[in-house]
Each structure stands twice: as structure tokens, then as C-alpha cells.
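**Student:** Attaching a single structure in C-alpha cells format; questions to follow.
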Amino acid sequence: MKTLIATLALSLMALASAFSGVATAQTSPQQSAQDTVWIQIAARASLREAQAEAQEFAARLPDVSGFALGGGWYGIVLGPYARNDADRVLQVYRAERQIPRDSFIAFGRNLGNQFYPTAASANTETQPTVESPVLEPIDPAVVTEAPADPTASAQTLLPDETPAEARRSESRLTREERKDLQIALKAAGFYTSTIDGAFGRGTRGSMSDWQSARGYAPTGVLTTAQRQALMDEYNAPLISVGMAPLTDTKAGIALNIPAGEVTFDRYESPFALFKSSGDLGAQVLLISQPGDKRTLYGLYDIMQTLKIVPLDGPRQRSGNSFTLEGRGNGIVSYTEARLANGEIKGFTLVWPMGDDDRRARVLAEMQNSFERIDGVLDPAAGADAPQNVDLVSGLDVRKPRLSRSGFYVDAKGSVVTTSDVVAGCARVTLDHEYQAEVAFNDSAAGIAVLRPVEPLAPMAVAALASASARLQSDIAVSGFSYEGVLGAPSLSWGSLQDVKDLSGNTGVARLQLTSQPGDAGGPVLTTDGAVQGMLLSQSKGATQLPDGVSFAANADSLRSALSSAGVTVTDASAGATALPVGALTRQASGMTVLVSCWE
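Residues -25 to -1, 1 to 574 in mature numbering (1 follows the signal peptide of the UniProt record, and there is no 0) are what the sequence shown spells out, letter by letter.
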């Protein structure tokens, strides 16, 4: 008895906490839809049925409303609430079994005209209505929507059935319809066996359990109305995002898309782009282009450079298809594409993180409905769009937070660079392509040593000078001055001014050199090709130095850091003669690599 009382007390406390912000939300009818959310608890294809069920919920729960969802569907919702309050209300009501377990957070953008409570029955001012989402055609000449089901908008309540009538109507179900019911029961947590379309003891037991949980007599045989209610529950996530069929004859693709959350934007080969039109921030791309396996593999590489494909996630490329999944920066992205008959077709779905159950249903629906039809997107589509090096087919290219220079110091591809470029990075790459790990980092000295995840074969390897060059001798720094924009390193010329820095540190040389931030980490060479040191990042201290003053960690400092990282270095030959400028440039370029830090 004490346990029961304690449980009830905890529930009351949780509800009181959850509803603490509700009154504030409801007393501000002018508050924008972006600031509030709802909890969708049911969806019905009959207005009368939805009204009756809304009244039933309202008899035991506060804040019940009903709105049209579009396509002949009517939703029953709780709210509106602030988002944090809604999460807590959802948690408590689910735990108390006051609402179905598949209830979810819904947004005002997806709610149409209000049908409950009516003006006569409402005790409080109703919220302003939002126009129902409508699937916006890509081009009336090439895109068609599937005709609406004429029975979907019929506002007639399905009749009650006796157990005998329920068995007769059940006997007319196809095998696929039976499997759909098992899938819905499994998704609701009542069925745990095989999806086979056979209604045995396990299926009957799960039907009975579902009926009891929903307030029906537990007969173990679902009536027509109960089957409809079960499937409405299962399909509520799809209804909430306005899932609708789309046929694009330009792209040669037909599939179902979340039309309540995305709308067509433009064609820009190889994509038909659908931008976000709802509160979720979802995006859809249709992929369509002529090509062969080489084109497919090129698309695979290009997709991974886009912001909408985060770095973390599984990737698979095999034969004539590929899949990409990425999680990060608040989104989950999934892409699939397949080559058949000289045409590459597929799609990308971008969805917000934290809404995984609904995302999984939407993705499965897109995959199951995807169909290749005649036609392929013209490779010239979107060719008149403004050009930008930071865009690929109108999509933002992922860019590193910071890029600096580095240079190879052994035949395995080990790299020495400035410690600035490895600070706070989720991922470090060489030449934007090869992932590297930090083997050693001395932030005080400004030196970091990187080891590639997979061994590389550099075109050239640095040979460290065994003695300092003479003062005033010519030096050159090889670096990616503009952080890789130019695609190749360049040489900046200067001279050695001192073998120590302004504080007398003999591990750092002072140079007369005008450099750019991207040059930091690049090798400092004398005219014979020996590496005298590594250019350090420009100081951001309070003292403003004259133009042309730069500093470099000398060869001895580099040896010490490389030794700590377990890297064996090559020493430059003593007494080597000066190289022609062309030969020095080729040698410096061969050893210099772009180092990038990614968030």
C-alpha cells in the first residue's frame, strides 16, 4: 500500500512539474507557432470519429484539441506547450498509459482548421489555425500526385461489428494486410513474433492486449473500426509529416515524400532539390543522372564533401550502388543511389537528430515506395545557376574550421605541422582526403607530429639540416598561403635574420619573411633544399611586430619532437650545392601537404 501511495504521489508531482509552464503557454494565443508544440495522440480518417474520440480524451485529460491534417485526416492533439514541457507531459502520460505509446511531438505547421472544441463547447479561446500543408508540384507538366482516396474524406463512422462479423470481415483481408496488422502491433509493443500474416495464438493474444489497452472488449479479433484505429496509430508519424506520393518525370523517379515538411526548390544536376518548408528542417534530394560506374563512384566521393552528409556514420560502396549515412551538427542524413541501364538514381533524406523513430518510418516509406520510371535529369539542368566554389550543384560544401601547412618527414607519410591546427579538432586530414592522428603535440613549442591512419607514399620527404644556415642567407617557405584555395603550395622568399627569437630562445629562428596564416607549418628551406625548420604561426600577443617579421622552429627542435613521436628523420647532406629554382620548387611542393582541422 505504501508503494502504491508513493507511486501515485510521484506521478502527481511529475504532472505538476510538467504542467508548470502550460498555463503561461495557453494564456498567450498570439505566441508564434515556432515557440510551441503539440502532442499528437490519434489520427482518424472520419471527422465524426475524430470528434467522438476527442471528446473521450477530453473527459479525462486537459488541453485536448482537434485539427485537420490534410488529405482527409483529422488529428487529436494535446497542447500547446513549450517544447520542454511537452517532452515531460509526453513522458508522464505514456508512463501512466493515458495516451498511446506511439504519441509524438507535432508542430503547428502541420495543423489545419480546428474542429474540436467547437465554439459552443470551448471554454477558452482557440488557437489561430494554420493552413494545411499542400504538396507543391515541381512542374505541372512533369509532376503528378496520386489521386486522393475518395473514401478518405467520407465523414461516416465505421459501424460496430459483432465478433462473428469481425471474423467475416477479417477473412477478406489479403496476406499483406494481415502482415501490416502484425507490423503495427509489433511497433506498438504488443506483438513479438514473426511477421507471417498468420493469425495464430501469438497474434490473437497481442490483439487482445491491444484491445484492452485501448478500452475495447478483449475478444482477440479486431473489428473493421479497430483495425483502422490500429493502422492510424501506426501511420501517425507519416500522417504528421504529410507523407504523399510524388512522380517526377524529369528525374524519372516516383516515391513518397514528407510533403508537409519539404517543398520543391529547383533542379540543379544531378539533383532535384526539395527545401524545408516546415518546422523540422527536413530536406530531400532526388538523384538522377546518366553515367557509368565511374560516374557513380565520383558521385559517392562528391556527396561526402557536402555539409548535408556529416562525417560520422557508415558508408558502403559495392558494385553498382552505394549508401551513405551521417550524423552530426544536429542532423541525420541518409543517401542511397544505384546504377542501372546507364542511369544513376536515388535520393537523400536529411532529418533532425532526436526524432529517430519518425525518421525511420519516413525513410522506410521512401525506400519501399521508390520506383525508377522513364526519364533522367538533363545534365545541363541548373547550368544557369550562379556559380560558387563553395557549392556543388547548389549545395554547401563542407569546409574545415582551419587549414595550415605541414610537410612529410618519412616515407610512411608522417607529417610535422604547427600545433595550432590540431587544437580542438574532431578530425584532422591531409589534403582534405586522408585522415591523420596526432602522434605528438608540444603546444609550447608550437610543433605537432601527425601519423596518417593509412600509410602514404609522399612524393618527397624533408631532409633536416645538420647546422644552421648563415645569417642573411636566402630562405624559402613552402605553404598553402590561402588555406588550400589555390590547390597547390607556393614558395615565399625571405632571409634568415637571427638564430634565436626576440626572447633569446635558441630553438626558434627569426626570419625576414612576409607570409600568410596558411603558410604556418610549412618547411623553411635553404637554396640547397635542406630544411632549416618549420614556420610558426604568427603571434597573437599584445605586441604588434613590424611587417615581415616571422619565426620558425629550427631543425633541432623538430628532431626532438619527431624523436618523441618515434619518427626517424633524414639528415641533409653537408656541402650540397644550390638547386635551380625550378628543382627547389618541385622538391618543396612534393613534401608540403595541406593539414585541415574539422569540427
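We put the beta carbon where it would ideally sit given N, CA and C, even for glycine.
Under 9 Å between the Cβ atoms of ALA463 and SER564?
**Tutor:** Yes, these two residues count as a Cβ contact at 9 Å.
**Student:** Would the beta-carbon of ASP254 fall within 9 Å of that of ARG63?
**Tutor:** No; because the gap between Cβ atoms is not below 9 Å, this pair is not in contact.
**Student:** Whose CA, out of SER443, VAL12 and PHE42, lies closest to the CA of ALA20?
**Tutor:** Closest option to ALA20, Cα to Cα, is PHE42.
**Student:** I'd like the list of long-range same chain contacts for GLN291, defined as Cβ closer than 6 Å, with 5 residues on each side in sequence excluded.
**Tutor:** Excluding residues within five positions, the ones whose Cβ falls inside 6 Å are THR298.
**Student:** Counting C-beta neighbours from all protein chains within 10 Å, is the total for GLN66 16 or more, i.e. buried, or is it exposed?
**Tutor:** Counting Cβ neighbours within 10 Å, GLN66 comes out exposed, since fewer than 16 surround it.
**Student:** In terms of DSSP beta bridges, what is TYR49 paired with?
**Tutor:** Partner(s): ARG19 and ALA43.
**Student:** My output table needs one value for residue 595: the three-state DSSP class, helix, strand or coil.
**Tutor:** Outside the displayed range of the chain (-25 to 574) lies residue 595, so it cannot be described from this structure.
**Student:** Looking only at its chain, what residues have a beta carbon closer than 6 Å to the beta carbon of ALA495, apart from the 5 residues adjacent to it on each side?
**Tutor:** Taken in chain order, the residues that qualify are ARG379, THR393, LEU510 and SER512.
**Student:** Taking its Cβ as the centre, do 16 or more other Cβ atoms sit within 10 Å of ASN343, making it buried, or is it exposed?
**Tutor:** Burial call: exposed.
**Student:** Is it right to say TRP326 is buried, meaning 16 or more other beta carbons lie within 10 angstroms of its own, or is it exposed?
**Tutor:** Buried, since its Cβ has 16 or more Cβ neighbours within 10 Å.
**Student:** Please confirm whether LEU352 and SER244 have their CB atoms less than 9 Å apart.
**Tutor:** Taking 9 Å as the Cβ cut-off, LEU352 and SER244 qualify as a contacting pair.
**Student:** What is the rounded straight-line gap between the Cα of PRO92 and the Cα of SER144?
**Tutor:** Straight-line Cα distance between these residues: approximately 34 Å.
**Student:** Between which two residues does the beta strand (DSSP E) carrying LYS320 extend?
**Tutor:** Element bounds for LYS320: 318 to 327.
**Student:** Give a yes or no on contact between the region 407 to 424 and the region 442 to 451, applying the rule of three or more CB pairs nearer than 8 Å.
**Tutor:** No, the region 407 to 424 is not in contact with the region 442 to 451.
**Student:** What is the rounded straight-line gap between the Cα of GLU574 and the Cα of PRO285?
**Tutor:** GLU574 and PRO285: Cα-Cα distance of roughly 10 Å.
**Student:** At what residues does the beta strand (DSSP E) containing PRO265 begin and finish?
**Tutor:** Unbroken beta strand (DSSP E) run through PRO265: 258 to 265.
**Student:** Three-state secondary structure (DSSP) at VAL384?
**Tutor:** Coil, per DSSP.
**Student:** Would you mind reading off the limits of the alpha helix (DSSP H) that contains LEU488?
**Tutor:** Note, LEU488: premise wrong, no alpha helix (DSSP H); not H, not E.
**Student:** Give the DSSP-derived three-state secondary structure of MET509 in the structure shown.
**Tutor:** MET509 falls in the strand class under three-state DSSP.
**Student:** Measure the CB-CB distance between ALA159 and MET206 and report whether it falls below 9 Å.
**Tutor:** A contact, by the Cβ cut-off of 9 Å.
**Student:** Spatial neighbours of ASN552 within its chain, please: C-beta separation below 7 Å, excluding the five flanking residues on both sides.
**Tutor:** Rather than Asn, the amino acid found at residue 552 in this sequence is Thr. Around THR552: ASP503.
**Student:** Does the structure place the region 207 to 226 close enough to the region 174 to 184 that three or more beta carbon pairs sit under 8 Å?
**Tutor:** No, because fewer than three Cβ pairs between the region 174 to 184 and the region 207 to 226 fall closer than 8 Å, the two stretches do not touch.
**Student:** Check each candidate in SER571, THR238 and ALA437 and name the one with the smallest Cα separation from PHE249.
**Tutor:** Here the closest residue by C-alpha is THR238.
**Student:** Could you check the C-alpha separation between GLY303 and ASP276 for me, to the nearest Å?
**Tutor:** Computed Cα separation, rounded: 18 Å.
**Student:** Taking only the alpha-carbon atoms, compute the straight-line gap between SER539 and ASN529 and give it to the nearest angstrom.
**Tutor:** If you take the alpha carbons of SER539 and ASN529, they lie about 16 Å apart.
**Student:** In this structure, does DSSP put LYS268 in helix, strand or coil?
**Tutor:** Correct three-state label for LYS268: helix.
**Student:** Are there 16 or more other CB atoms within 10 angstroms of the CB of LEU559, so buried, or fewer, so exposed?
**Tutor:** By the neighbour-count rule (16 or more Cβ atoms within 10 Å), LEU559 is buried.
**Student:** If PHE79 sits next to ARG376, beta carbons under 8 Å apart, how far is it from one beta carbon to the other, in whole angstroms?
**Tutor:** Wrong, their Cβ atoms sit about 35 Å apart, outside the cutoff.
**Student:** Pull up the distance between the alpha-carbon of LEU197 and that of ASP135, whole angstroms please.
**Tutor:** If you take the alpha carbons of LEU197 and ASP135, they lie about 11 Å apart.
**Student:** If you run the structure through DSSP and keep just helix, strand and coil, what is PRO212?
**Tutor:** Three-state DSSP puts PRO212 in a helix.
**Student:** For the beta strand (DSSP E) that GLY303 lies in, which residues bound it at each end?
**Tutor:** That run of the beta strand (DSSP E) goes 296 to 303.
**Student:** If I measure Cβ to Cβ from GLU311 and keep anything under 6 Å in the same chain, skipping five residues before and after, which residues do I get?
**Tutor:** These residues qualify, in order along the chain: THR298 and GLY321.
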